[in-house]
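Below: the structure, in structure tokens.
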């Protein structure tokens, strides 16, 4: 992993801007997918409203930067606000289980988008621009890729920790977990906050990179959807799954943009992918790979 | 007095449509414990189908119901047989797989609509679209009256089928207790197929009705889906009247806030969502639960 971090750090020196942009997008995807996976995969609470946190982080950065704060300082504040928001909506919504929780999160995401479009100090429906200033792509690139690597590391640490075990318990059988003394609500809220903070951080970096935010771009429902799809297609609940999913989707996005015929089919592809995964391999790409690998190994044993 | 009467009458009319919309979702959830997110896409498709029938064959939207409903029923059964039935059943609790699967179906439907009809906003304008009449001193649009009429009719038919036919009894039985229904000899799989077909047909009907009132794009169904969830949670799954009551409460809340507060209508989605969450948290059994509580409190 250190090797990956090192390579990514020095990448700007020998890759061209176009490729760097693509890598940045994939890094963002990895951050979003892995963060979501903390709550959705490890704890089993599927939320389709994560664009709210990205948006909160992005808007915080822009709004504070417009009032004179240095963009770098806005990042932790954005993360904090996103985490705070996640706690506020967490307490009522975590009372709901399974699909009801998911529906509630869809509603939250939509509500946030609608409010952001209607409120004037946030620029309304047309969004806000970052103040003109020195925008250093290199440092933004490094921050985003560093965040992506850090996220994978965080996911690894969590999955091997007692915290991670508690999350898995909640995912499998929340009543049994409670009976064993796990405070499921506090656990869910905590992981939700961590997850939201990371996404909020990414949101701030997003705002700095694109220099412009609007409800349509950061609070988009389709974005929330993609954030859910990546880890699920890649392998929900694992550490490598979201990364796989993010890379797959990054590649898909690039392919879609380059082949004109497929440009209008993004929804179809996402939908078909979702259907295929749910019907044939709920454990996603990683699950499929593992299954095929196990089958190959089994053949070894049987022959011997 | 006038604004209040305005609100009540309009809410009443809107409630009919909302109830039709919600019932499609309710029957699928009740029988199969599946949350049909594709419902939004089906409603959207219903609106577009009506649109095509209107523009190509000059078929009045209200008349096209005769075509749309059976078509969508068949489509629903087909969808059930090909896709939904293969899902692993997770007992009585709704499964995430079905939720996400139907989500995928919704996306595919949206894309289909974009390809077939482009993303431009469409609407249906008939000779009576902009006319209005006076009802109890309140001006109401003619399409709204037609929509209410159709909704009321469909709900009455539904009530009849549910309570006077074997099919209806079977549906209610499976909704209440699937295992007991199986023990009583109900073919749960066939009932599920029928229920899915009915749910889809109702969604198509709702789509047709909606097309007479609103302009639509492929992205159309989402806020209505949210309202439908809200209504089911409020009204419970046990009866058509429950759904109707939930629909009325929501409509009242929407029209009331639009008339008496300065909340912009764009925030209406946020409103339905808030109501949904509040209801889920405070009244998990919905209004019927509340009534039961009051009734039991009164007895003891």
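Residue numbers (the working numbering), protein chains in the order written: chain G, 32 to 335; chain U, 82 to 381. All C-beta atoms in this analysis are idealised placements derived from N, C-alpha and C, irrespective of residue type, glycine included. Since the model is a prediction, treat every value here as computed from it, not as a measurement.
Secondary structure of residue i, DSSP reduced to three states
i, result
"residue 182 of chain G", "helix"
"residue 301 of chain U", "coil"
"residue 244 of chain G", "strand"
"residue 76 of chain G", "coil"
"residue 222 of chain U", "strand"
"residue 108 of chain G", "helix"
"residue 69 of chain G", "helix"
"residue 214 of chain U", "strand"
"residue 45 of chain U", "No statement about residue 45 of chain U is possible, as the shown extent of chain U runs from 82 to 381 and does not include it."
"residue 250 of chain G", "coil"
"residue 458 of chain U", "As shown, chain U starts at 82 and ends at 381. That puts residue 458 of chain U outside it, with no answer to give."
"residue 247 of chain U", "helix"
"residue 260 of chain U", "helix"
"residue 124 of chain U", "helix"
"residue 167 of chain G", "coil"
"residue 364 of chain U", "coil"
"residue 192 of chain G", "coil"
"residue 211 of chain G", "coil"
"residue 341 of chain U", "helix"
"residue 355 of chain U", "helix"
"residue 273 of chain G", "helix"
"residue 81 of chain G", "coil"
"residue 209 of chain U", "coil"
"residue 151 of chain U", "helix"
Inter-residue Cα distance where the pair is residue i and residue j
i, j, result
"residue 307 of chain G", "residue 75 of chain G", "20 angstroms"
"residue 362 of chain U", "residue 130 of chain G", "14 angstroms"
"residue 377 of chain U", "residue 230 of chain U", "36 angstroms"
"residue 338 of chain U", "residue 87 of chain U", "13 angstroms"
"residue 211 of chain U", "residue 205 of chain U", "11 angstroms"
"residue 304 of chain G", "residue 84 of chain U", "50 angstroms"
"residue 155 of chain U", "residue 240 of chain G", "50 angstroms"
"residue 188 of chain G", "residue 180 of chain G", "12 angstroms"
"residue 316 of chain U", "residue 222 of chain G", "33 angstroms"
"residue 254 of chain U", "residue 140 of chain U", "39 angstroms"
"residue 335 of chain G", "residue 322 of chain G", "Low local confidence applies: a pLDDT of 48 at residue 335 of chain G is under 50, so the model's placement there is unreliable, with the coordinate-based value given in what follows. For residue 335 of chain G and residue 322 of chain G, the distance between alpha carbons rounds to 20 angstroms."
"residue 293 of chain U", "residue 138 of chain U", "16 angstroms"
"residue 98 of chain G", "residue 106 of chain G", "14 angstroms"
"residue 57 of chain G", "residue 174 of chain G", "13 angstroms"
"residue 132 of chain G", "residue 209 of chain U", "42 angstroms"
"residue 262 of chain G", "residue 331 of chain U", "36 angstroms"
"residue 184 of chain U", "residue 279 of chain U", "19 angstroms"
"residue 176 of chain G", "residue 224 of chain G", "22 angstroms"
"residue 148 of chain U", "residue 299 of chain G", "27 angstroms"
"residue 101 of chain G", "residue 161 of chain G", "11 angstroms"
"residue 207 of chain G", "residue 219 of chain G", "15 angstroms"
"residue 228 of chain U", "residue 275 of chain U", "25 angstroms"
"residue 53 of chain G", "residue 109 of chain U", "43 angstroms"
"residue 199 of chain U", "residue 235 of chain U", "31 angstroms"
Residue nearest to residue i in terms of C-alpha spacing, selected from the options
i, options, result
"residue 116 of chain U", "U/100, U/153, U/179, U/151", "U/179"
"residue 186 of chain G", "G/112, G/125, G/136, G/71", "G/71"
"residue 246 of chain G", "G/202, G/174, G/157, G/96", "G/157"
"residue 217 of chain U", "U/91, U/102, U/371, U/168", "U/91"
"residue 282 of chain U", "U/118, U/158, U/137", "U/158"
"residue 269 of chain G", "G/284, G/249, G/196, G/232", "G/196"
"residue 272 of chain G", "G/201, G/326, G/80, G/182", "G/182"
"residue 47 of chain G", "G/112, G/169, G/58, G/109", "G/169"
"residue 105 of chain U", "U/189, U/320, U/190", "U/320"
"residue 352 of chain U", "U/341, U/129, U/364, U/335", "U/335"
"residue 371 of chain U", "U/258, U/114, U/323", "U/323"
"residue 40 of chain U", "G/260, G/274, G/134, G/281", "Within the shown structure, residues of chain U are numbered from 82 to 381, placing residue 40 of chain U beyond reach of any answer."
"residue 311 of chain G", "U/114, U/260, U/167, U/276", "U/167"
"residue 285 of chain U", "U/152, U/251, U/326", "U/152"
"residue 354 of chain U", "U/273, U/122, U/306", "U/306"
"residue 266 of chain G", "G/67, G/55, G/59", "G/67"
Whole-number beta carbon distance between residue j and residue i, since they are thought to touch under 8 angstroms
i, j, result
"residue 329 of chain U", "residue 93 of chain U", "7 angstroms"
"residue 290 of chain U", "residue 194 of chain U", "18 angstroms between Cβ atoms; not a contact."
"residue 337 of chain G", "residue 88 of chain G", "Since the first and last residues shown for chain G are 32 and 335, residue 337 of chain G lies out of range."
"residue 264 of chain G", "residue 315 of chain G", "5 angstroms"
"residue 249 of chain G", "residue 234 of chain G", "7 angstroms"
"residue 203 of chain U", "residue 296 of chain U", "7 angstroms"
"residue 84 of chain G", "residue 227 of chain G", "4 angstroms"
Paired residues, beta bridge with residue i - DSSP
i, result
"residue 157 of chain G", "In the DSSP output, where bridge partners are listed per residue, residue 157 of chain G has none listed."
"residue 203 of chain U", "U/297"
beta-carbon residue i near the ligand SAH non-hydrogen atom, thresh 8 angstroms
i, result
"residue 302 of chain G", "Ligands displayed in this structure: none; no statement on the ligand SAH is therefore possible."
Residues in the segment 298-318 of chain U having any Cβ partner in chain C nearer than 8 angstroms: In summary, chain C is missing from the structure at hand, where the protein chains are G and U.
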